[in-house]
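Visitor: Chains as they are written, first to last, in my numbering: chain L, 24 to 545; chain G, 489 to 650. Got a structure here, written out as structure tokens. Questions coming.
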């Protein structure tokens with residue numbers, strides 16, 4: 024394994040090894056750039072994964088202390104665990120569903136398209152769909168997205184059959200089970216899916232794309248990657264000119280180190296990324312590194328979510344096969360006649376019995392609840408993924424007094440839901456009921472989803488240095504050699520699952536970094 | 489102390505992380521026979537499934553007993569059980585189901601009830617022994633997934649056109 028010297032100031036240091044961090048690292052390594060990736064979590068192999076919801080949750084989840092405040096469901100249902108993300112090499116690509124949708128052209132111009140929405144901090148992205156288009160294509164090829172690059176779709180599983188027929192019967196036309204970064208056949212060294220379920224518990228076939236067993240080993244093969252797992256970054260340091268000069272981190276044994284850096288890319292997910300910048304304050308950057316705009320930690324979005332389960336006369340066995348096997352796109356359009364800005368996706372979803380019991384009703388008990396659970400194999404689920412409004416007051420801040428095991432201030436995640444978010448979830452609930460009823464549901468059960476898995480926006484992109492943290496390449500406006508490489512960059516949430524866009528942006532960012540390095544500009 | 493923090497939060501996903509340690513099966517030393525019977529009745533009333541035997545519920549009671557090695561936790565359970573009897577006529581365990589449920593309804597936001605509910609939630613639905621009763625098949629990797637075992641066997645709706 025490659026090891027670079029800690030005093031080597033020619034390396035790019037990438038913080039985090041998920042969709043953004045590992046992709047930017049791999050792309051740089053392929054182009055001959057030396058990279059050190061610092062990952063807070065441990066490194067597992069696919070053999071370590073569990074086909075068990077509870078033990079997988081315990082194995083993979085980032086459970087360091089956090090607080091949720093505000094009026095979102097997490098503040099009451101999961102006040103100390105509001106985000107379901109992964110602390111391991113591969114980051115949340117270990118537990119993601121594999122849905123790989125491009126955001127729509129108009130969504131990159133949210134402010135222009137939707138107009139000013141009172142109480143929301145909408146803005147246009149400084150990058151357009153057309154600019155991202157070739158990078159989306161490269162990301163789809165890299166990840167092996169079904170329905171692109173000649174990659175065949177998966178066959179329809181039971182849960183998708185319910186979604187498909189119900190959707191068709193209520194007049195929807197854009198229904199698809201394509202756009203999965205899950206191999207339908209052997210490709211790029213990864214196995215084909217065997218429809219085992221447990222996509223969110225770490226894919227034991229390695230059929231689902233994850234940086235853990237795709238980008239990272241490929242980057243290691245170049246000899247240009249030094250991946251250090253179990254290493255939590257405490258702060259980013261800068262020289263007297265204000266350029267990032269290195270990072271201070273603590274390893275799995277509690278020993279503190281400093282790694283010098285030519286460039287630093289932060290990709291710790293939208294909670295840890297702004298937290299790290301805020302914790303890296305100095306006399307030169309008293310409000311946090313790269314925070315002259317005051318936007319670090321603000322404009323947090325996480326998608327409006329909800330689940331509805333329908334109860335059918337005959338068995339569905341939703342747990343058999345791909346966890347989120349298909350999607351309806353008809354409501355993703357821009358159409359203010361529905362009474363809200365933005366759009367949403369309707370996705371088929373399954374839960375195992377344990378997770379269903381846990382989230383089905385966060386305080387449920389008694390015969391009403393248990394009779395619902397007893398219908399387990401006759402249930403089909405549909406999930407909402409809707410564009411939530413960015414708001415300046417929503418975001419990540421540092422706790423005044425409480426410190427975590429590393430001595431760092433605990434992050435506080437505050438969300439005040441916008442009325443537009445509630446309008447989207449209200450619209451979805453009606454449509455989901457109609458869809459399930461049309462497929463034959465006798466009774467529908469509404470589930471509140473508390474924990475956010477799509478975290479975005481807390482270091483938003485803006486062409487204007489006063490209104491955002493990074494430019495269209497994820498480069499911070501204040502510190503030239505400091506980049507943000509994860510979903511924190513998103514200016515707005517879009518209705519689509521974020522991973523493909525994160526990967527496309529990371530590829531583009533790596534190209535930009537290499538070009539600027541060649542031009543001796545970085 | 490970890491127990492304390494989840495009591496305070498009643499946070500579902502936080503609890504998932506905390507409630508997981510599987511306590512070794514032990515005799516129910518901290519409780520009298522009568523208290524053990526009350527705990528068994530309690531977890532059955534919270535998550536009643538007529539198709540299940542007492543065995544998986546007793547497993548939850550054993551987990552509670554193991555966790556009661558923590559004196560704070562033991563005290564919480566003992567006091568909670570006493571308060572159950574106080575909330576109506578006669579001993580709670582001897583009442584008819586409707587009356588028992590009414591008494592529980594009164595205390596569903598207490599730390600005692602939340603603790604027992606959450607312990608039972610993970611102890612019961614996390615127990616693979618009960619899954620087949622619900623038609624949940626659990627781990628599938630070892631059996632080669634469902635590709636040849638019914639991932640698409642739903643035949644009462646039309647096949648999707650791709």
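Glycine included, each C-beta is placed from N, C-alpha and C at the ideal position.
Quick one: which residues of the region 525-558 of chain G get their C-beta closer than 7 Å to a C-beta of chain B? List them in chain order.
Guide: No chain B appears in this structure, whose protein chains are L and G.
Visitor: Can you tell me whether DSSP reads residue 171(L) as helix, strand or coil?
Guide: Here residue 171(L) refers to the residue found at position 148 when the first chain is read from its first residue. Reduced to three states, the DSSP call for residue 171(L) is coil.
Visitor: Taking three-plus beta-carbon pairs below 8 Å as touching, is the region 287-306 of chain L in contact with the region 592-599 of chain G?
Guide: no
Visitor: Determine the direct distance from the alpha carbon of residue 111(L) to that of residue 99(L), and round the result to whole angstroms.
Guide: Here residue 99(L) refers to the residue found at position 76 when the first chain is read from its first residue. Here residue 111(L) refers to the residue found at position 88 when the first chain is read from its first residue. Straight-line measurement puts the Cα of residue 111(L) at about 27 Å from the Cα of residue 99(L).
Visitor: Is the CB-CB distance between residue 293(L) and residue 484(L) below 8 Å?
Guide: As a first step, residue 293(L) is located in the first chain; it is residue number 270 there, counting from the start. As a first step, residue 484(L) is located in the first chain; it is residue number 461 there, counting from the start. No, the Cβ-Cβ distance between residue 293(L) and residue 484(L) is not below 8 Å.
Visitor: Assign residue 255(L) to one of two classes, buried (16 or more other C-beta atoms within 10 Å of its C-beta) or exposed (fewer than that).
Guide: Stepping through the first chain from its first residue, residue 255(L) is reached at position 232. Flag for residue 255(L) reads buried.
Visitor: Step through the CB atoms of chain G and report whether any lies within less than 8 Å of the CB of residue 478(L).
Guide: The residue you call residue 478(L) lines up with position 455 of the first chain. No, its Cβ sits nowhere closer than 8 Å to a Cβ of chain G.
Visitor: Since residue 404(L) and residue 76(L) are thought to touch, with beta carbons under 8 Å apart, how far apart are those beta carbons, to the nearest angstrom?
Guide: Position 381 of the first chain holds residue 404(L). Position 53 of the first chain holds residue 76(L). Not confirmed; about 15 Å, so no contact.
Visitor: Can you list, in chain order, the residues of its chain with a C-beta nearer than 6 Å to that of residue 463(L)? Leave out the 5 residues immediately preceding and following it.
Guide: One-based indexing of the first chain puts residue 463(L) at position 440. Cβ neighbours of residue 463(L) beyond the five flanking positions: 335.
Visitor: Check whether the region 274-294 of chain L and the region 507-514 of chain L touch, using three or more Cβ-Cβ pairs below 8 Å as the test.
Guide: yes
Visitor: Grab me the residues of residue 533(L)'s own chain with a C-beta within less than 6 Å of its C-beta, minus the 5 sequence neighbours each way, in chain order.
Guide: One-based indexing of the first chain puts residue 533(L) at position 510. Cβ neighbours of residue 533(L) beyond the five flanking positions: 47, 50, 51.
Visitor: Measure the alpha-carbon distance for residue 490(G) versus residue 541(G) and round it to whole angstroms.
Guide: As a first step, residue 490(G) is located in the second chain; it is residue number 2 there, counting from the start. As a first step, residue 541(G) is located in the second chain; it is residue number 53 there, counting from the start. Low confidence applies here, because residue 490(G) scores a pLDDT of 38, under 50, leaving its location unreliable and the question unanswered by this model.
Visitor: Just reading off the alpha helix (DSSP H) that residue 272(L) is part of, what are its end residues?
Guide: Translated into the one-based positions of the first chain, residue 272(L) becomes position 249. Run containing residue 272(L): none in the alpha helix (DSSP H); it sits in the beta strand (DSSP E), 267-273.
Visitor: Where do the N-terminal and C-terminal ends of the alpha helix (DSSP H) with residue 49(L) fall, by residue?
Guide: Counting from 1 along the first chain, the entry for residue 49(L) is found at position 26. Residue 49(L) -> alpha helix (DSSP H) spans 42-53.
Visitor: Please go through the same chain and pick out, in chain order, the residues whose beta-carbon is closer than 7 Å to the beta-carbon of residue 569(G), but skip the five residues on each side of it.
Guide: The sequence position of residue 569(G) within the second chain is 81, counting from 1. Same-chain partners within the cutoff: 523, 526.
Visitor: Following the continuous alpha helix (DSSP H) through residue 421(L), name the residue where it begins and the one where it ends.
Guide: Within the first chain, residue 421(L) is the residue found at index 398, counting from 1. Not the alpha helix (DSSP H): residue 421(L) falls in the beta strand (DSSP E), residues 418-426.
Visitor: For residue 468(L), collect the residues of the same chain with a Cβ closer than 6 Å to its Cβ; drop the 5 residues on either side in sequence, then sort them by chain order.
Guide: Sequence index remark: in the first chain, residue 468(L) carries index 445 (1-based). 332, 395.
Visitor: Helix, strand or coil for residue 345(L) per DSSP?
Guide: For the purposes of this step, residue 345(L) is identified with residue 322 of the first chain, where counting begins at 1. The answer is coil: DSSP assigns residue 345(L) none of H, G, I, E or B.
Visitor: Three-state secondary structure (DSSP) at residue 288(L)?
Guide: Position 265 of the first chain, counted from the first residue, corresponds to residue 288(L). DSSP places residue 288(L) in strand when its eight states are reduced to three.
Visitor: Where DSSP assigns a beta bridge to residue 332(L), which residues make up the other side?
Guide: For this step, residue 332(L) is matched to residue 309 along the first chain. In DSSP, residue 332(L) forms a bridge with 404(L), 468(L).
Visitor: Got a sec? Which residues, its chain only, sit under 8 Å from residue 538(L) by beta carbon, not counting five neighbours each side?
Guide: Locating residue 538(L) in the first chain gives position 515, where the first residue counts as 1. Taken in chain order, the list of residues that qualify is empty.
Visitor: By the DSSP assignment, the beta strand (DSSP E) with residue 248(L) in it spans what residues?
Guide: Taking the first chain and counting its residues from 1, the one referred to as residue 248(L) is at position 225. From DSSP, the beta strand (DSSP E) with residue 248(L) extends over 248-251.
Visitor: Would you check if the distance between the CB atom of residue 350(L) and the CB atom of residue 120(L) is smaller than 8 Å?
Guide: Along the first chain, read from residue 1 onward, the residue named residue 350(L) stands at position 327. Along the first chain, read from residue 1 onward, the residue named residue 120(L) stands at position 97. Not a contact, by the Cβ cut-off of 8 Å.
Visitor: Less than 7 Å between C-beta atoms, sequence neighbours within five positions excluded: which residues of the same chain meet that for residue 91(L)?
Guide: Residue 91(L) sits at position 68 when you count from the first residue of the first chain. If we look at residue 91(L) and ignore the five residues flanking it on each side, its Cβ neighbours are 97, 98, 101, 102, 105, 436.
Visitor: Here's the rule I'm using: 16 or more other beta-carbon atoms within 10 Å means buried, otherwise exposed. How should residue 227(L) be labelled?
Guide: Along the first chain, read from residue 1 onward, the residue named residue 227(L) stands at position 204. Taking all protein chains in view, the Cβ of residue 227(L) is crowded by 16 or more other Cβ atoms within 10 Å, so the residue is classified as buried.
Visitor: Roughly how far, in whole angstroms, is the beta-carbon of residue 181(L) from the beta-carbon of residue 649(G), given that I think they are within contact range, below 8 Å?
Guide: On the first chain, position 158 is the one that residue 181(L) refers to. On the second chain, position 161 is the one that residue 649(G) refers to. Taking the Cβ atoms as the reference, residue 181(L) lies roughly 17 Å from residue 649(G), outside the contact range of under 8 Å.
Visitor: Does the beta carbon of residue 166(L) sit closer than 8 Å to a beta carbon anywhere in chain G?
Guide: For the purposes of this step, residue 166(L) is identified with residue 143 of the first chain, where counting begins at 1. No, no contact with chain G.
Visitor: Run down chain G in chain order and give the residues with a C-beta less than 7 Å from the C-beta of residue 218(L).
Guide: Position 195 of the first chain holds residue 218(L). Contact of residue 218(L) with chain G by beta-carbon distance below 7 Å involves 633, 634, 635, 639.
Visitor: Can you find a CB in chain G that lies within less than 8 Å of the CB of residue 342(L)?
Guide: Along the first chain, one-based indexing puts residue 342(L) at 319. Residue 342(L) counts as touching chain G.
Visitor: Measure the beta-carbon distance from residue 32(L) to residue 284(L) and round it to whole angstroms, keeping in mind my assumption that it falls under 8 Å.
Guide: As a first step, residue 32(L) must be located in the first chain, where it is residue number 9. As a first step, residue 284(L) must be located in the first chain, where it is residue number 261. Rounded, the Cβ-Cβ distance is 7 Å, consistent with contact.
Visitor: Which chain L residues sit within Cβ distance under 7 Å of residue 600(G)?
Guide: Residue mapping note: residue 600(G) aligns to position 112 of the second chain, counting from 1. By Cβ distance, chain L contributes nothing, its closest Cβ being about 13 Å from residue 600(G), past 7 Å.
Visitor: Flag this pair as yes or no: are the beta carbons of residue 634(G) and residue 344(L) separated by less than 8 Å?
Guide: The residue given as residue 634(G) occupies position 146 in the second chain. The residue given as residue 344(L) occupies position 321 in the first chain. Against a cut-off of 8 Å, the Cβ pair of residue 344(L) and residue 634(G) comes out as a contact.
Visitor: Rounding to the nearest angstrom, what Cα-Cα distance links residue 27(L) and residue 246(L) in this structure?
Guide: For the purposes of this step, residue 27(L) is taken as the residue at position 4 of the first chain. For the purposes of this step, residue 246(L) is taken as the residue at position 223 of the first chain. If you take the alpha carbons of residue 27(L) and residue 246(L), they lie about 10 Å apart.
Visitor: With 16 other CB atoms within 10 Å as the buried threshold, where does residue 197(L) fall?
Guide: By 1-based counting over the first chain, the position of residue 197(L) is 174. Result: exposed.
Visitor: For the pair the region 405-419 of chain L and the region 359-366 of chain L, tell me if three or more CB-CB distances fall below 8 Å.
Guide: yes
Visitor: List, from N- to C-terminal side, the beta strand (DSSP E) runs of 3 residues or more that fit wholly inside the region 446-532 of chain L.
Guide: 466-470, 505-507
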